[in-house]
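What follows is one structure encoded as structure tokens, with my remarks underneath.
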Amino acid sequence: MKNVLHTIQQNKRLQAIVVGLYIVVTFFSLYLAQKSVVAFLLLLSSLLLLYFTTFSNRVKWLIGGVVMVVLLPLAASQGEAYQSYMEVATLVGIYIAMALGLNIVVGMAGLLDLGFVAFFALGAYTYGIFATGQANNFMPFGHYPLSGESFWVFIFIGCFVAALFGILLGVPVLRVKGDYLAIVTLGFGEIIRIIFNNLDKPVNITNGAMGLASVQPPRLFGIDFMYPNQFYYIVLVILITVIFAVRRLEFSKIGRAWKAVRENEIAAQAMGIHLVKTKLMAFAVGASFSGMMGVVFAAKQTFVDPTSFTLLESITILVMVILGGMGSVPGVILGAALVTILNLQVLTELTNWLNQLSLNGVINVPDALSPAKMQRFIFGVILILFALYRPQGLLPAKNPVFDEKDLKDADKLINAGVQKEATQHVHLDS
Amino acid sequence: MSILTVKNLTKQFGGLVANSNIDMEVQKGSITAVIGPNGAGKTTFFNMVTGVYQPTSGEILLNNESIVGLKPHQVTKKGIARTFQNIRLFGAITVLENVMVGMHNHLHGGLFSTILNLPRVRKEEKEARREAYRLLEYVGLESFYNEEASSLPYGAQRKLEIARALATKPKVLLLDEPAAGMNPKETSELTKLIYNMREELDLTIVLIEHDMKLVMEISEHIVVLDHGEKIAEGTPDDIRNNEKVIEAYLGKGAATTAS
């Protein structure tokens, strides 16, 4: 077995055949067997297979792009289950983006945040309030709801509002460290939820526990976005942007500063890193991803209420990060996908199946033991098992591998030429 | 010319006086050693100079400009870099990245230019990688550049701390027991390195060290602390023969063996 894997690792053509074959087979099995959740999951996992190939990044993104943009929706589109598949895929995308945001805070900067869902709520309410009649209650000007075209602007507003609150929260909170930080952020998460729950008087801003109903669907060129298969593409675009942003930040001056702060605060300061600024930036960037997805979530659900943003949601996102691997972008993507699918598909399918068996009188499973109700139990077990046996997660964080050729001064002459050019540029700029 | 001047520096932790009325002048381009028994207040002194602790009273001047009250990162910006007695590397990232963290203030890529991956940022990063590699070559760690910092042998970790401190482009470099835990061969390499750094990089070096051979060999000026007070200062020869120092720290045999 090891030998086979080794040969495959050496041979790119073989890899291409294996991946190609896998995608084709799973594509057709889903295409032909529309009800098969397994086929859907297998097609999704072709992306994981792709991750382990040795193709260049560009090729991976290209193949992955084709699978996500064309093959997955096409294969799923043939039956009644189409929208529910796309619903799952959309939610997976939303959670991946949030988990990537939390990964910056927890995984890279090492700040344990237990109230992360608050930023998601902020994004959702930002769009929810202005895309329903709710804003008429307190806004002195303008007509509400705003039209669905404003959705696209609100993605950026949601991003900005969440980042702003990330900073506002960070300023007082970052005075405490470690366990205390976790407790304070947990409090913040609950405070935001309770504020939204109670902000229906004296001025009705959030409509309290009743929530905001019939949020305007996004609209582009006269087309309303109502169905999960349409939201799927919105989420996909945002998600890919987020992944690129995280990847670039991770290996930049900013990402190194985050990791330095995580590894040793005193040494990081001695290297000239502004501690508060660096931590605030982690909070703001992480929160902004959540805020964007909050806007999308509000538009997709067409309904926003405080019960969507409980502590359990924050914990779920944290589980995604820990399961995948703290600080590891591919790991967190995998973790988020696994947890979301486990929640939405595997557990519900299992429950349905057990119900079926009970109905047929094969076995009798009491309602209290149905898998869908054991979500917290399962998360708890996952957390304990991973803390004990694989603390680095499914796909542990990898350090960049630098190419020695890129570092040496063998091409000093060429380099000097470049520098000359650079100084000229500077002159032109100034 | 004095680059770093300390006047009447005092630090109290509650009732404990860790440093009391210390005066000191560090000449530009010199190698100055701070020695003394354990608990004499040497590291506290370093921590005050680098902004980790705020002095209870007294003044610290860098190039005649007060640096009291500055945060550690501001002190680093002013041109003072340091290493730590208990090694404080960024263990989980690579050796090369550790050095690149030191360049933090000399890189200008902001949040948006990084996300957009502008050519300016890419070029700056590439330059930074090369510069970091050059610094690793300088301290002799280039073969480890892709390793995790925590996996390095002890002596190499100490050298990496020096490379990382050099990356901040300091004027004054504070070394807190750079030779602790090193074997004689490593210590003699380190001695050479410290000497070379001063010569080649236009640095002023202040070091805390217990290895008297190293101290006597390279320092031009020695300050002796005991119980938070300065009990003597002068050239290595003065110190070696100073009665007070022999009694408090060196011991009777040192005057002969360390020469």
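Protein chains in written order, with our numbering: chain A, 1 to 430; chain B, 1001 to 1259. Built from N, CA and C at the ideal position, the CB exists for glycine as well. On a predicted model such as this, the values are computed, not experimentally measured, just so you know.
For the beta strand (DSSP E) assignment, the segment 149 to 184 of chain A encloses no uninterrupted run of at least 3 residues. The contact set of B:Phe1084 on chain A, defined by CB atoms closer than 8 Å, consists of Ile266, Ala267 and Ala270 in chain order.
Residues of the same chain with a CB within less than 6 Å of the CB of A:Thr278, apart from the 5 flanking positions on each side, are Ala257 and Val261 in chain order. At a beta-carbon threshold of 7 Å, the residues of chain A lying near B:Pro1072 are Gln269 and Ala270, ordered along the chain. For B:Thr1168, the residues of chain A that pass the 9 Å Cβ criterion are Ala270, Met271 and Gly272, in the order they occur in the chain. Taking the CA atoms as reference points, A:Arg219 sits about 33 Å from A:Phe28.
What B:Arg1088 touches in chain A, judged by beta-carbon distance under 7 Å, is Asn264, Ile266 and Ala267, going in chain order.
Listed in chain order, the positions of the segment 380 to 407 of chain A with a beta carbon within less than 9 Å of a beta carbon of chain B are Ala397, Asn399, Pro400, Val401, Phe402, Glu404, Asp406 and Leu407. Restricted to the segment 1069 to 1121 of chain B, the alpha helix (DSSP H) segments that are unbroken, complete and at least 4 residues in length are 1072 to 1078, 1095 to 1102 and 1111 to 1115, listed in chain order.
Against B:Val1052, the close residues of chain A are Ile266, Gln269 and Ala270, in the order they occur along the chain (beta-carbon pairs closer than 9 Å).
For secondary structure counted as the alpha helix (DSSP H) over 4 or more consecutive residues, the segment 210 to 276 of chain A holds these complete runs in sequence order: 228 to 250, 253 to 263 and 265 to 270.
The segment 116 to 128 of chain A and the segment 335 to 343 of chain A do not touch, with fewer than three beta-carbon pairs separated by less than 8 Å. Cα atoms of B:Leu1152 and B:Ser1188: separation of roughly 19 Å, rounded to the nearest angstrom.
Closer than 9 Å at the C-beta level to chain A, one finds these residues of the segment 1092 to 1103 of chain B: Ala1092, Ile1093, Thr1094, Leu1096, Glu1097, Asn1098, Met1100, Val1101, Gly1102 and Met1103. With respect to the C-alpha of A:Val365, the residue from A:Gln375, A:Leu350 and A:Arg376 having the closest C-alpha is A:Leu350. A Cβ of chain A is located within less than 8 Å of the beta carbon of B:Thr1076. Comparing alpha carbon positions, the residue from A:Ala213, A:Val285 and A:Met98 closest to A:Val332 is A:Met98. In the structure shown, B:Lys1230 falls within a strand segment according to DSSP collapsed to helix, strand and coil.
Taken through DSSP and simplified to helix, strand or coil, B:Gly1058 comes out as strand. Counting only the Cα atoms, B:Thr1168 lies some 14 Å from B:Met1197. Taken through DSSP and simplified to helix, strand or coil, A:His6 comes out as helix.
The beta carbon of A:Ala162 sits no closer than 8 Å to any beta carbon of chain B. Counting C-beta pairs with one atom in each stretch, the segment 139 to 155 of chain A and the segment 193 to 204 of chain A have fewer than three that are closer than 8 Å, which means they do not touch. Close partners of B:Ile1115 in chain A (Cβ separation under 8 Å): Phe244, Ala245, Arg248 and Leu249. Taking CB atoms only, B:Leu1201 has no neighbour in chain A less than 8 Å away. If you look at A:Ala372, you'll find it isn't in any beta strand (DSSP E); DSSP assigns it neither H nor E. Just measuring C-alpha positions, the residue of B:Lys1028, B:Ile1067 and B:Asn1021 sitting nearest B:Ile1003 is B:Lys1028.
Looking at the DSSP output, B:His1221 sits in a beta bridge with B:Thr1032. Annotation for B:Lys1042: Val1034, Gly1036, Ile1208 and Leu1225 place their beta carbon closer than 7 Å to its own, counting only its chain and skipping 5 residues before and after.
Chain B has a Cβ within less than 8 Å of the Cβ of A:Ile254. Judged by beta-carbon spacing, A:Ile129 lies within the 8 Å limit of A:Thr206, meaning their Cβ atoms are closer than that value. Taking every protein chain shown into account, the CB of A:Ser314 has 16 or more other CB atoms within 10 angstroms, so this residue is buried. For B:Ala1018, the secondary structure class from DSSP, reduced to helix, strand or coil, is strand.
Counting along the chain, no alpha helix (DSSP H) covers A:Asp305, and no H or E run does either.
Rounded to the nearest whole angstrom, the C-alpha separation of A:Leu395 and A:Gly324 is 6 Å. As the crow flies, the alpha-carbon of B:Pro1178 is around 34 Å from that of A:Ile104.
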